[in-house]
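Data block below; observations after.
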Amino acid sequence: MDIKLNRRQMLSLAAGGAALAATGGAQRAAAQVATKARIVIIGAGAGGTSLANRLVERLDGAQITVIDPRAEHLYQPGLSLVAAGLKPENYVVSKTTDWLPKSVTLIAEAASAIDPEAKTVDTAGGQSIAYDFLVVAPGLILDHDAIDGFSLDMVGKNGIGALYAGPQYAAATWQAAQAYTETGGVGLFTRPATEMKCAGAPLKHTFLIEDIARTANTRGKLDVHYMSNNDSLFGVPIVSEKVRMLFGDRGITPAYSHVLSGIDAGAKTATFVTPDGAVTREYDYIHVIPPQRAPEVIRQSGLSWADKWTDQGWVECDNATLHHLRYDTIWALGDVAGVPKGKTAASVKWQVPVVEDGLIAAIEGRASTETYNGYTSCPMITRVGRAMLVEFDYNNNLVPSFPGIIAPLEELWISWLMKEVALKATYNAMLRGRA
Amino acid sequence: MKDMTFGTILAVFEEIFGIGLFWTLVAAAALVTATYIYVLIRDHSISWRKFLLAQLSMPIGAVLAVWFILVVTSSKLSDLGGPVDIIVFFGIATAGAIGTAILVYTIQSLVRPRQ
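Quick look at the structure:
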């Protein structure tokens, strides 16, 4: 049986298709600001690269210099996946130069000194670069030496993992963790007492290794312990409670206020600082995350807080504008910023437009309007295939991007899909200044 | 999500597939759709015989679409955890079914124009 359509019906059908095809993308075309300003960005990580790309679009004639010795750019949110055998090592690695605009000058050396009075940055290679505006975004330092008896060459052997240390160590961590899921025993999953990158990652690693053992039908051999640095499991109370419940469900035992201070790899014991003194625990697998601090150059340059985080040295800046509180030509961006939350790529995504606006406002001689509310996002993986899309701000409020659709404290497949499919793509788009 | 504009979504999709593959896929989808409209206009009718086979292919397209998503994201059906997951699941299946139906109908019309 056939249905005859007349010419008008056919044409309207065709017009519908054409309308769909014609939905073109109108690019944001903000007017460029003409300036001769010398802008120096220390760091070509997520923050520095994204900002450089956005400034190139917004400014006409600015002299932008990026200082970073690292040839490799790391997609750090992927390290948890590498350390669980879900992605290969090269999933997180690209080249620094892949992402930087051609019109910026990259100096592939470490910054060795900053003089905020003379407004110069010295490099390890002996160059001295004068600036009108400076953005410090060098990331942070993993202080592995602070763990007695530990060194990075131990990672991957004898039940020792350390996924934060980089792609090769994340892959080595999976070797040790995978062996643990087969042979079983006591697993100790630690986190430092300092501020840290992505405070969800220690939990993700715990959840993932537990789940992989469950899938492999070896869960009964594992005795999994999460060693928290204080009396909660996560900095946001409502999330901490949810994690406590999930730990109960998965049979993961929390130990509160246990901060790793040393390991004896031969004896397979770890020492923890607790309110009751030092405690030594045996392990078959231990995941080490060391204390984290601002790079030495920041701490030596007088940019750090004098009365906060004195052992860590984060840059003294305004919570909302990220503008340095003592030097009005300096901004902090990313991990190094001395703000209560926000050492994640998601935070960087929110911080970059704020620093961009602050800088351009300073060039134009007006007040900046953009502010940062402490937004951080953590796709908290609770097992392979499910995650909770936890988003929160300075005040520990949940700030879901999709309220009423994606529940923040529910383990969902869609949150996992977003982590798997869209997160790295969004990160890359952010690096290019397009998201 | 900050600045969830059309340009942002486009940028994210370009990064997911790579610029070349993404626009090739868009072009392929547009081509199939345009050809579908072309055969409808050319034939001035919908052939229910061809449509029957297209409909029969829909479950296959639905299953293939869901299977593809599960494989590329290392997940399984038991990971569906909440109402939104069920909606996304059926959305993927529906998209796969409709896409396959249009493709099958169009191919038949091109191969056997008149019956």
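Protein sequences, first through last, are from chains X and R.
If you're matching positions, the first sequence starts at 12 in this note's numbering and goes up one per residue.
If you're matching positions, the second sequence starts at 52 in this note's numbering and goes up one per residue.
Idealized CB from N, CA, C, for every residue including glycine.
Which residues, in chain order, does the region 58-79 of chain R contribute to contact with chain X at a C-beta distance below 8 Å? Of all residues in the region 58-79 of chain R, Gly58, Thr59, Leu61, Ala62, Val63, Phe64, Glu65, Glu66, Ile67 have a Cβ within less than 8 Å of some Cβ in chain X.
Go ahead and label R/Val123 buried or exposed: buried means 16 or more other beta carbons lie within 10 angstroms of its beta carbon, across all protein chains shown. Its Cβ having fewer than 16 others within 10 Å, R/Val123 is exposed.
Say whether the region 344-364 of chain X touches the region 175-189 of chain X, bearing in mind that this needs 3 or more beta-carbon pairs closer than 8 Å, one atom from each stretch. No: fewer than three Cβ pairs fall under 8 Å.
Could you give the first and the last residue of the continuous alpha helix (DSSP H) run that contains X/Ser91? Run containing X/Ser91: 90-93, per the alpha helix (DSSP H) assignment.
Going along the chain, which unbroken runs of the alpha helix (DSSP H) with 4 or more residues stay wholly within the region 73-150 of chain X? Runs found: 90-93, 107-110.
Taking the beta strand (DSSP E) that X/Met441 falls in, what are its first and last residues? For X/Met441, there is no enclosing beta strand (DSSP E); the residue is part of the alpha helix (DSSP H) that begins and ends at 434-442.
Tell me, to the nearest whole angstrom, how far the beta carbon of X/Gly54 is from that of X/Asp79; I am working on the premise that it is less than 8 Å. Indeed, because the Cβ distance is near 6 Å, the residues count as touching under 8 Å.
Quick test of the definition: if touching needs 3 or more C-beta pairs under 8 Å, does the region 304-318 of chain X touch the region 138-152 of chain X? The answer is yes - the region 138-152 of chain X touches the region 304-318 of chain X, with three or more Cβ pairs under 8 Å.
Do you know how far the Cα of X/Ile300 is from the Cα of X/Met207? Cα-Cα distance, rounded: 9 Å.
List, in chain order, every chain R residue whose beta-carbon is nearer than 8 Å to that of X/Ala433. Residues of chain R with a Cβ closer than 8 Å to the Cβ of X/Ala433 are, in chain order, Val63, Ile67.
Output needed in chain order: residues of the region 131-152 of chain R with a Cβ under 7 Å from some Cβ in chain X. Going along the region 131-152 of chain R in chain order, one finds Leu131, Gly132, Gly133, Val135, Asp136, Val139 with a Cβ nearer than 7 Å to chain X.
Taking X/Ala440 as the query, report the chain R residues whose CB atoms sit under 8 Å from its CB, ordered along the chain. Listed along the chain, the chain R residues whose CB falls inside 8 Å of the CB of X/Ala440 are Thr59, Ala62, Val63, Glu65, Glu66.
Which residues mark the beginning and the end of the beta strand (DSSP E) in which X/Asp234 is found? For X/Asp234, the uninterrupted beta strand (DSSP E) segment begins and ends at 233-238.
Is there contact here, the region 80-98 of chain X with the region 431-440 of chain X, by at least three beta-carbon pairs under 8 Å? Contact between the region 80-98 of chain X and the region 431-440 of chain X is present, because at least three Cβ pairs lie under 8 Å.
Neighbour list for X/Leu423 in chain R, Cβ cutoff strictly below 7 Å: The answer, in chain order, is Gly132, Gly133, Val135, Asp136.
Chain X within 8 Å of R/Leu161, Cβ atoms only: With 8 Å as the cut-off, R/Leu161 does not count as an interface residue toward chain X.
List, in order along the chain, the chain R residues whose C-beta lies closer than 7 Å to that of X/Thr437? For a Cβ distance threshold of 7 Å, residue set Val63 of chain R lies close to X/Thr437, ordered along the chain.
Locate the beta strand (DSSP E) running through X/Tyr386, then write down its first and last residues. X/Tyr386 -> no beta strand (DSSP E), and no H or E assigned at all.
For the ligand ZN, I want to know if X/Cys389 counts as a neighbour, meaning its beta carbon is within less than 7 Å of at least one of the ligand's heavy atoms. No copy of the ligand ZN appears in this structure; indeed no ligand is present at all.
According to DSSP, X/Glu431 sits in a beta bridge with which residue or residues? Assignment of beta-bridge partners to X/Glu431 by DSSP yields no partner.
Where X/Trp361 sits in the DSSP three-state scheme: When secondary structure is reduced to three states using DSSP, X/Trp361 falls in the helix class.
For X/Arg304, write down the residues that DSSP places opposite it in a beta bridge. DSSP lists X/Ile152 as partners of X/Arg304.
Is the beta carbon of X/Ala63 less than 8 Å from the beta carbon of X/Ala356? No, the Cβ-Cβ distance between X/Ala63 and X/Ala356 is not below 8 Å.
Under 8 Å between the Cβ atoms of R/Tyr85 and R/Ala116? Position check: residue 85 of chain R holds Ala in this sequence, whereas Tyr was assumed. The answer is no: Cβ separation not under 8 Å.
In this structure, how does DSSP classify R/Ser98 when only helix, strand and coil are distinguished? R/Ser98 falls in the strand class under three-state DSSP.
What distance in whole Å lies between the Cβ atoms of X/Ile341 and X/Leu370, which are believed to be in contact at a cut-off of 8 Å? About 10 Å; that fails the 8 Å criterion.
Whole-angstrom Cβ separation of X/Ala398 and X/Leu219, contact assumed at under 8 Å? Between the beta-carbon of X/Ala398 and that of X/Leu219 there is about 10 Å, and that puts the pair past the 8 Å contact cut.
When DSSP labels each residue in this structure, what does X/Pro213 get in the three-state scheme? Annotated three-state conformation of X/Pro213 is helix, per DSSP.
Beta-bridge partners of X/Phe200, as assigned by DSSP: DSSP output for X/Phe200 lists X/Tyr237, X/His298 as bridge partner(s).
If we count the other Cβ atoms within 10 Å of its Cβ and call it buried at 16 or more, is R/Val162 buried or exposed? Exposed.
Is it the case that the Cβ atoms of X/Met429 and X/Leu400 are separated by a distance below 8 Å? Inclusion of X/Met429 and X/Leu400 in the CB contact set at 8 Å is warranted, their separation being smaller than that value.
Hey, does X/Arg69 have any beta-carbon neighbour from chain R nearer than 8 Å? Cβ-Cβ to chain R under 8 Å: no for X/Arg69.
To the nearest angstrom, report how far apart X/Ala343 and X/Glu100 are at their CA atoms. Rounded to the nearest angstrom, the two C-alpha atoms are 30 Å apart.
Could you check how far apart the C-beta atoms of X/Leu271 and X/Phe245 are, in whole angstroms? I think they sit under 8 Å. Approximately 18 Å separates the beta-carbon atoms of X/Leu271 and X/Phe245; this is outside 8 Å, ruling out the contact.
Give the interface partners of X/Val395 over in chain R, defined as CB-CB distance under 9 Å, in chain order. Chain R residues near X/Val395: Ser125, Ser126, Lys127, Asp130.
Chain R contact residues for X/Trp427, given Cβ-Cβ distances below 8 Å: The contacting residues are Thr124, Ser126, Asp130.
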